[in-house]
Structure formats: structure tokens, C-alpha cells
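Residue numbers (my numbering), protein chains in the order written: chain A, 7 to 315; chain B, 793 to 1069.
In C-alpha cells, the structure reads:
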């Protein structure tokens, strides 16, 4: 649904996005991660036709963003970062305006507005003035206007920022439910959220992609990681651990700590205990380690930062 | 066209749901009403006793009342107009809603015509006030209704030209106050230049003889063009004739071309995001 290749955006002397390439398949929910100023919003603004790219090609729903901007905009629902809206308007009137502009058929205007409001939990706020909405409801309004017209592609720039925990859960649920019929690209700072909502993750830093893969692969894929703490000569311990059937690699961390990896589901605890019980070494602890998205994110960004310096 | 209408409608709804709209319309109504009452009373006093006021016979209503009053209404727009146009696009930028406007399936023409349409809609409300005054004149005097209608059309054309210039300025800036001040400055400078232009001599005074005959003619020719520009370009100049009920195609063409020209520039200003950003 979204194809990006070689996308670059230069503002004067600052390169905001550099040679970005990725694809998003229909029905996928993609998390777009990156530190502040990494180029997430710029990429989203290019994909929605708000800013033109300096070079590179992007296609949304099969339409070229620069040659057929209207066709692209008809198929994209966009929720900008700070949820701009006309403060003096009523919620219902604003959504009705969005529906008119998005060419929703005249007869189904009211129904469409009602559908979106109930989906985003805005029903009670229909006749409120937008200026008086709380941050959470304003965020919902942003999502609601993006959903108007039922566009196949949704681009959401930090949809849950500034919400309370309960609201975050609700909005996440809304986004999750969008999945099969809609393609969603969302950016966020909240990493656990990505783990909960997204199937695939793109991590960008300083304008280029530093990692992109499915959640499954990024957080270790099919390998299982155990941290073993043992007392004794490190070479002896490493050779004993390596000898255990199923162990693929053993890594020495120092201070008597070792990382043992093996295919997922091997259940090596017993074998490790048995192996280290013999000879002159004492096992002091085994811990199953899960690579969290946070680890992946920090490692990817740090190694990229290191490469730059 | 439906999208342009949606943009226009939203702008008008916003204008009339905030006090801004009522303050602007109310102020215009108050000042235009005062101006009308004063000049109508004055005209009545003259018709009662023309000699005392230094007139031979009863002066023509069109020249002494309608034309100056309509011009006054037009010039009033010079002060009120920037308050209408300054918000149009600049405010979309400062509020961030430009991001919505440019990512909704809207063409540039939907945005420009929608916004311009909204400005004209507000102008029509102001014209309705002037219309009431002219209706009073129509009822109590034997002036031809066609003259009054043409006067109103004049004011409308002049306002449309004003609005197109204001929209153009608004398209270039993020700050509504900047847009308003620049628009006002452009209108006011053109007004002053027009007034000053009328006192320019028809030909340059002293062309030194040693420049030769041809050079002298050339300078005279350039001077003529310059003087003509200074006299004809200001926005209120053409309305003066039109408001008296004198129909001249070049006056109407002037306002239409002026409007089209600045709408065209507004398109360019919106488009500039593609090569500026």
C-alpha cells in the first residue's frame, strides 16, 4: 500500500530524511520509531502530500504522491502531530466539514460523522466547542477526522501522545481494530505500545532507517537467551556450556556472567545445572532474558550514532 | 466545486460564530450609517436652499450624494477589509490547520476560490447594509433604480479587488497581523499616490534643450505613461466615475482584471510551497 524508495528531504542545509526506502503491505500496522528529530514527521508529511520530497519516489495505494496528489489524498487519512483544528467550531460541525471536503456522499454525511464519532468515543462531545476539549478528546478528534471517509491508508503521527493510561488503552484498541481493512503507519515514542499494536517496526535515526523488521524477529526471533551466572574459570565454563546439545552460542559478559543462546523452546535450565554441577565451578543463577523493543531501539540508535562519530 | 463550497462555508461559519464577525460588520454598519445620515442631511439642506450653500439650482443627486457616499463606503473598506482578509490563509498557517487543508483531497483552486468566496460573502453582508441606505434614497427621491444598482455593483467590484489583494498578502505570511498591516499599507499607499497623481502636471516642466528634440519627446512619453499609471492604478479612482452611474467598460474591466491578477498571484503563492519548502 505504501512504497517508498530513495526518499530524501533537505531543508536548506539540514537533511531531515535521507534515502529512505520501505514498503508497507495492505492491512499491516507499522510502527515508525525514532528519537526526536529523526525525521518521522517529515516522512509522514511527505507521504500525505503536505511537503514535497527533495528527491526519491513514494507511492501510496498505487498512486505517485507528486504526480497524482489528489488520488493519494483521497485514500489517506492523516492525523498530524499536534492535532490542528478550528477551535471555534463544534466537534460535529468540524467532522462534517472534513466529510464534505473528503467528498463523502451528501446523503451519508451525517451517518459517516456518527460512525466515526462512536468509533472514537466522541459521542458525548458532539456539540462541544473544540477549543474546550481536553487533550484526550482533542486527540480522539484528530483520529476521527482521519477516519472520515474510511480511507484505506491511515498515517497517524503520535496518536497516543498526552493521553491518560485508560485513554491510551482505548485508542490502541481502536487502532488495532483498524488492521485488516486499513493499512496503518503510526509513529510513537511509547515503545511498549508498538509491541502491543504493531506487527512490523521501522526504526529511523538522523533521517535514515537503522532497523526494520517484524516485532518477532527484532525481539530475538526464534532464539532464546539465558543469562548464566557462575563462579570459576571462565574458559572452562564456556567450554562446558558450549558442549550442551542445543546451545548455539555462548558469550562472556565478564564478572562471571554469560549469555547462552539456543533455539526457542529448548528449555536448557536442567542441562546447564547438570553441566555446571561437575568440576570446579558453581552455578549461582540462571535468568531467561527477553530482548525488548527498548533494547533493540537503543542498540540500533546507539550503533548508528557511533557510526556517525 | 463542492469542496470549494465546503471551505467557503466553514470560513463563513467561523467568521460568524466568533465575535470578530459581528464586530467587523457592526463597525462597518455604524460608520457607513453615520456617513450616510450626515451626507443625506447635508444634501437635503442644499435642496431646500441651494443659493445659501453656493449652488446654482438643485445639484444632481448622483454627483453630490450617491457617488461620494459609495466612495466613502469603498474607502471604509480600506480600513475594515484587511481585518477580513488577514485571517484567510495566514491563520490557517499559524493554527496549523494548513496541514489539514493541504492533506485533504483539495485542489489549490478549491482553497483559493473557497477562501475568496468567503471574503465575498462577508462583503455581500456589508453591501446589504449599504443596500438599505440606497433603498432609502430610491424610495424618497426620483433617482433611477438602475443607477443605484450600478452603484452597488461598483462597490462590489471594488471590494472584490480589495479582497483579492488581501487574500494574496495573506497567502504569503504566517502572521495574521502582518498580513493585515501589509494589506492596509498597500491599499493606503495606492490611495495616497492616486490623490497625489491628480496634481501632477500633464507634461514634465523643464526638459533641458541640449538633450535634443527626440530625447525630449521620449521623456515626455515616459512621463505620460507614468502619470497615467499613478492616476489610473489606485483602486478608488475608477469607482468615482462608475458610482455616478457612468458605465465605462474600461472601469469594469479594470476591477475584474485586478481581481483575476491577484487571484492568479495567490495561486502562485500557494504553489510556491512545492519549490520553496
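Ideal Cβ positions, reconstructed from N, Cα and C, are used throughout, including at glycine.
Predicted, not measured: the structure shown is a model, and the values here were computed from it.
Where residue i falls: helix, strand or coil (DSSP)
i                      : result
residue 954 (chain B)  : helix
residue 806 (chain B)  : helix
residue 1063 (chain B) : helix
residue 14 (chain A)   : strand
residue 1019 (chain B) : helix
residue 932 (chain B)  : helix
residue 254 (chain A)  : coil
residue 293 (chain A)  : strand
residue 273 (chain A)  : coil
residue 237 (chain A)  : strand
residue 925 (chain B)  : helix
residue 872 (chain B)  : helix
residue 193 (chain A)  : strand
First through last residue of the beta strand (DSSP E) which encompasses residue i
i                     : result
residue 214 (chain A) : 214-220
residue 269 (chain A) : 263-269
Cβ of residue i within 8 Å of any chain B Cβ
i                     : result
residue 80 (chain A)  : yes
residue 58 (chain A)  : yes
residue 165 (chain A) : no
residue 235 (chain A) : no
residue 109 (chain A) : yes
residue 76 (chain A)  : yes
residue 116 (chain A) : no
residue 88 (chain A)  : yes
residue 95 (chain A)  : yes
Unbroken alpha helix (DSSP H) run spanning residue i, endpoints
i                     : result
residue 66 (chain A)  : Counting along the chain, residue 66 (chain A) falls outside any alpha helix (DSSP H), though it belongs to the beta strand (DSSP E) covering 61-66.
residue 885 (chain B) : 882-887
residue 50 (chain A)  : 46-53
residue 27 (chain A)  : Premise fails: residue 27 (chain A) lies in the beta strand (DSSP E), 20-30, not in any alpha helix (DSSP H).
residue 982 (chain B) : 968-989
Distance between beta carbons of residue j and residue i, contact taken as under 8 Å
i                     : j                     : result
residue 888 (chain B) : residue 90 (chain A)  : 3 Å
residue 253 (chain A) : residue 231 (chain A) : At roughly 11 Å, the Cβ-Cβ gap does not stay under 8 Å, so residue 253 (chain A) and residue 231 (chain A) are not in contact.
residue 14 (chain A)  : residue 49 (chain A)  : Their Cβ separation, rounded to whole angstroms, is 11 Å, which puts residue 14 (chain A) and residue 49 (chain A) out of contact at 8 Å.
residue 35 (chain A)  : residue 185 (chain A) : 5 Å
residue 940 (chain B) : residue 922 (chain B) : Contact flag wrong, Cβ pair sits at about 10 Å.
residue 122 (chain A) : residue 96 (chain A)  : About 15 Å separates the two Cβ atoms, so there is no contact after all.
Beta carbon of residue i nearer than 8 Å to that of residue j
i                      : j                      : result
residue 877 (chain B)  : residue 911 (chain B)  : yes
residue 178 (chain A)  : residue 189 (chain A)  : no
residue 82 (chain A)   : residue 181 (chain A)  : no
residue 158 (chain A)  : residue 31 (chain A)   : no
residue 225 (chain A)  : residue 299 (chain A)  : yes
residue 264 (chain A)  : residue 255 (chain A)  : no
residue 954 (chain B)  : residue 979 (chain B)  : yes
residue 244 (chain A)  : residue 39 (chain A)   : no
residue 866 (chain B)  : residue 1031 (chain B) : yes
residue 904 (chain B)  : residue 804 (chain B)  : no
residue 306 (chain A)  : residue 216 (chain A)  : yes
residue 1061 (chain B) : residue 862 (chain B)  : no
residue 886 (chain B)  : residue 109 (chain A)  : no
residue 909 (chain B)  : residue 800 (chain B)  : yes
residue 153 (chain A)  : residue 136 (chain A)  : no
residue 46 (chain A)   : residue 210 (chain A)  : yes
residue 1039 (chain B) : residue 942 (chain B)  : yes
residue 956 (chain B)  : residue 895 (chain B)  : no
residue 27 (chain A)   : residue 16 (chain A)   : no
residue 827 (chain B)  : residue 864 (chain B)  : yes
residue 860 (chain B)  : residue 850 (chain B)  : no
residue 774 (chain B)  : residue 977 (chain B)  : Lying outside 793 to 1069, the shown extent of chain B, residue 774 (chain B) is not represented and no answer is given.
residue 233 (chain A)  : residue 290 (chain A)  : no
residue 58 (chain A)   : residue 72 (chain A)   : yes
Residue-level contact to chain A via CB, residue i, 8 Å cutoff
i                      : result
residue 1005 (chain B) : no
residue 888 (chain B)  : yes
residue 814 (chain B)  : no
residue 805 (chain B)  : yes
residue 965 (chain B)  : no
residue 795 (chain B)  : yes
residue 892 (chain B)  : yes
residue 895 (chain B)  : yes
residue 1029 (chain B) : no
residue 880 (chain B)  : no
residue 1062 (chain B) : no
residue 810 (chain B)  : yes
residue 899 (chain B)  : yes
residue 1001 (chain B) : no
residue 798 (chain B)  : yes
residue 1009 (chain B) : no
residue 1033 (chain B) : no
beta-carbon residue i near the ligand NAD non-hydrogen atom, thresh 7 Å
i                     : result
residue 305 (chain A) : The ligand NAD is not among the ligands present in this structure, which contains no ligands whatsoever.
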